[in-house]
Amino acid sequence: MSEGFTREQKQYLQGFMAGVDQRGGKPYAGETPDGEITNDEDEAERDLADEVYGTPVDDLCKQERTKLEEDPMEIWDRMVENAKEGKFPEGDDVFRYKSRGLFYVAPAQEAFMMRCRIPACMLNVRQLRGMREIADRWGGGYTDITTRGNLQVREIGASDGIKCLRKLYEIGLTSKGAGADNVRNVTASPTSGYDPDEVYDVRQLALGMHQYILSSGDLFGLPRKFNIAFDNGGRLSVAADTNDIGFIATEVGEGADVEPGAYFRIRLGGASGHRYMAKDANVVVEPDQCVAVGAAMLRVFLRNGDRTNRRNARLAKLLDDWGIPKFLEKVEEEMTFDFKEVPQEACKPRVDMEKHGHMGVHEQATDGLNYIGVGVPVGRFTSEQMETVADIAEQYGQDDVRFTIFQSLMIPGIADEDVETVKDMIDDCGLTYEASNVQGGVVACTGNVGCKFAMTDTKGQALELSQYLNEKIDLDHPINIHLTGCDNSCAQHYCGDIGLMGVSARTDDGETVEAYDIALGGGMDEEHGLGRDVVSSVPFDEVPPLLEDMLETYLDERESDDETFVEFTRRHEVDELKSMFDLAA
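Count the sequence shown with this note's numbering and you get residues 936 to 1520, in order.
Written as structure tokens, this is what we have:
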């Protein structure tokens, strides 16, 4: 090892520091009015050291200052030391840990929640068993399936978070960028590769986008979280219209300004918790252009998104300011090719989607094989159930398990002769392959049992509500009921036929109780649209009979047996619905 600087190194450093001293002790970099970089403060229009992507440091919001003071991706050594000492993060490090996938969820739980990344929403058997090991050894003995086809592990101790992350890496997964201001899990249609009606198998596109993000350090400092989805154009929803970018496979026919074939339409600006559904951009791209387009869009957002106000920091707000045409122009400046304008009517109609197609036995594109949709009530997936599903995929499937945005899973590759055996195994472990038109579409966030922001016990109450309605109502059309614990809307309550958002309410006796605001008429894909708020602050014990009455009224008053609940609620004004359901004004 060297004993010190050489004579030449010392001379260089002396000369360098002399130059610094001549400039007052501060090296300088600025930008001229022409956009060129200069070291001359007199030539500069602005000081680059005093801003972040054009936003003055003094104007940055707290989270942006936290990232500027220390890069969340550079705190691994401190995370290891904290784990050795059995310490949870403190202060600003609570936010920084989220970028590494560890969420300190006190006071709801004195524990970590670990969120991993499952690109394209698919795991192999080894990875699923690895997740089971993490849940058993260091977590609460279960995982939660999320609305991004992902897995979370809860009840992790201060000393065990690092062990969980290392195990993730060992099984070929990561949690890097799973929280905070990063691109979240890249989703894909869970039937990709075996849906008989799909336009394009999107698995490799989702994996390619995932790998690009992981290898691009600058993308771990976005103004806000960012969601990307790839939709194969087939039977089942991936809720692309709730994402910042939705790539939706479509077939363009003869007569358009492009060659006939498979393309991807782009939808932009979804953020359902902020009451934004993604809008069609009126352009298509070729399949092998998708990852490049995603990369260019991310960089335009990186440089131009709002870093002063968290409520205005989503892509949807930038699109409000610019409009989609200007945004696309900025994106084209980043690329070597241009978008192709193609109106929606030039694309062939999509196959009819199955609202609860994530449940049950379905034929695959390959004769003699089936995929089985498995219901996991409110996404709570125990370690014993994880092992059973791994056994099924290994013994009867294709080493492949898919997760859905409805907090359920799918097992593909089941031969016709093995279907009954697999159905029995699913039943025996407490899961189900069939559900009613009520229970098949119930989605719930973590709730106040594990999240400090939630006002209500969404998972527990979702189970109670679905059981009640299942016993009271016989619906002939499927509905989706989404319960979210706060206005962050992790369960996307504005996208459900019935959406419930947790609040607190005061009873006539002065008691504070868990309650819900209720929105009606939301939908995704073919039912694209946000629900409308109809009634607020309903104590939970009044919610089940109220929804029973709403659904009974719908069955009695609909125009025909073919009219869905979404169609029924949308053809009435909010005041009409309130009167019909006997709700207080």
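In this text, a Cβ means the ideal position worked out from N, Cα and C, and glycines have one as well.
Only a predicted model underlies this, so the values are computations on that prediction, with no experimental measurement involved.
Residue i Cβ short of 7 angstroms to the ligand NAD heavy atom set
i       : result
Leu1003 : The ligand content of the structure shown is nil, which means the ligand NAD is not present either.
Closest Cα partner of residue i within the set the options
i       : options                            : result
Trp1073 : Thr1177, Lys1002, Gly1096          : Gly1096
Arg1000 : Thr1185, Ile1010, Val987           : Val987
Glu976  : Ala964, Asp969, Leu1100            : Ala964
Lys1033 : Gly1021, Phe1047, Pro1042          : Phe1047
Ile1453 : Val1509, Gln1062, Asp1411, Asp1460 : Val1509
Leu1086 : Lys1098, Gly1092, Ser1094, Leu1103 : Leu1103
Leu1089 : Arg1083, Leu1108, Phe1165, Ile1069 : Position check: residue 1089 holds Arg in this sequence, whereas Leu was assumed. Looking at the Cα atoms, Ile1069 is the closest of the given residues.
Tyr1451 : Arg1441, Gly1036, Met1459, Gly1458 : Arg1441
Phe1475 : Glu1487, Ser1439, Tyr1489, Arg1246 : Ser1439
Asn1217 : Ile1346, Lys1252, Lys1275          : Lys1275
Ala1379 : Thr1419, Val1473, Gly1456          : Thr1419
Gln1320 : Cys1099, Arg1067, Lys1002          : Arg1067
Asp1223 : Val1137, Arg1506, His1463, Asp1071 : Val1137
Thr1367 : Val1296, Ala1426, Leu1410          : Val1296
Asp1116 : Thr1078, Met1057, Lys1002, Cys1425 : Lys1002
Thr1323 : Thr1356, His1291, Gly1026, Glu1025 : Thr1356
Contacts around residue i, its chain only, beta-carbon distance under 7 angstroms, and the 5 residues preceding and following it disregarded
i       : result
Leu1254 : Leu1203, Gly1204, Phe1262
Leu1142 : Pro1054, Ala1055
Gly1303 : Ala1350, Asp1351
Gln1374 : Ser1401, Asn1405
Val1015 : Ile1097
Gln1062 : Ile1106, Gly1107, Leu1108
Tyr1429 : Ser1207, Arg1210, Ala1454, Gly1457, Leu1465, Gly1466
Residue i - partner residues in DSSP beta bridges
i       : result
Tyr1306 : His1297
Thr1367 : Gly1310
Val1417 : Per the sequence shown, the amino acid found at residue 1417 is His instead of Val. Val1378, Gly1434, per the DSSP bridge assignment.
Tyr1039 : Phe1047
Ala1454 : Gly1434, Asp1468
Ser1439 : Glu1449
Gln1087 : Arg1050, Asp1079
Leu1058 : Val1336
Leu1344 : Val1309, Phe1338
Ile1349 : Asn1305
Thr1122 : Ala1164
Gly1181 : Ala1164, Arg1202
Gly965  : Thr973, Asp982
Lys1214 : Leu1203
Phe1316 : Thr1078
Cys1282 : Val1187
Val1277 : DSSP lists no partner for Val1277.
Whole-angstrom C-beta distance between residue j and residue i, which should lie under 8 angstroms
i       : j       : result
Met1390 : Glu1449 : 7 angstroms
Ile1416 : Val1377 : 5 angstroms
Thr1185 : Ser1207 : Rounded, the Cβ-Cβ distance is 22 angstroms, inconsistent with contact.
Ile1433 : Ile1414 : 7 angstroms
Phe1236 : Phe1182 : Not really, about 16 angstroms apart at Cβ, beyond 8 angstroms.
Val1118 : Cys1386 : No, Val1118 and Cys1386 are not in contact; Cβ-Cβ is about 22 angstroms, not under 8 angstroms.
Arg1050 : Phe1038 : 7 angstroms
Phe1500 : His1412 : 7 angstroms
Gly1168 : Tyr1135 : 6 angstroms
Val1226 : Tyr1147 : 6 angstroms
Gly1076 : Ser1318 : 5 angstroms
Gly1196 : Ala1093 : 54 angstroms between Cβ atoms; not a contact.
Same chain, Cβ closer than 6 angstroms to residue i, five either side skipped, listed in chain order
i       : result
Val1121 : Pro1054, Ala1141, Met1144, His1145, Ile1163
Lys1283 : Glu1186, Gly1188
Val1286 : Asp1132
Glu938  : Bear in mind that the predicted position of Glu938 carries a pLDDT of just 49, short of 50, making it unreliable; the figure below should be weighed with that in mind. Same-chain partners within the cutoff: there are none.
Pro1479 : Leu1400, Tyr1403
Ala1248 : Pro1158, Arg1159, Gly1240, Asp1241
Buried versus exposed call for residue i [16 or more other C-beta atoms within 10 Å across all chains shown]
i       : result
Ile972  : exposed
Met1360 : buried
Pro991  : exposed
Met936  : Since pLDDT at Met936 reaches only 42, below the 50 mark, its modelled position is unreliable, and the value read off the structure follows with that caveat. So Met936 ends up on the exposed side.
Leu1404 : buried
Ala984  : exposed
Glu932  : The displayed coordinates of the chain run from 936 to 1520. Any statement about residue 932 would go beyond what the structure contains.
Glu1511 : exposed
Asn1383 : buried
Phe1272 : exposed
Gln998  : buried
Leu1435 : buried
Thr1393 : buried
Glu1004 : exposed
Lys1019 : exposed
Gln1396 : buried
Sequence-distant residues of its chain with Cβ nearer than 8 angstroms to residue i (five each side left out)
i       : result
Ser1343 : Ile1080, His1293, Met1294, Gly1308, Val1309, Gly1310, Val1311, Gly1314
Gln1279 : Arg1200, Asp1215, Asn1217
Asp1460 : Ser1172, Ala1174, Ala1175, Asp1176, Met1288
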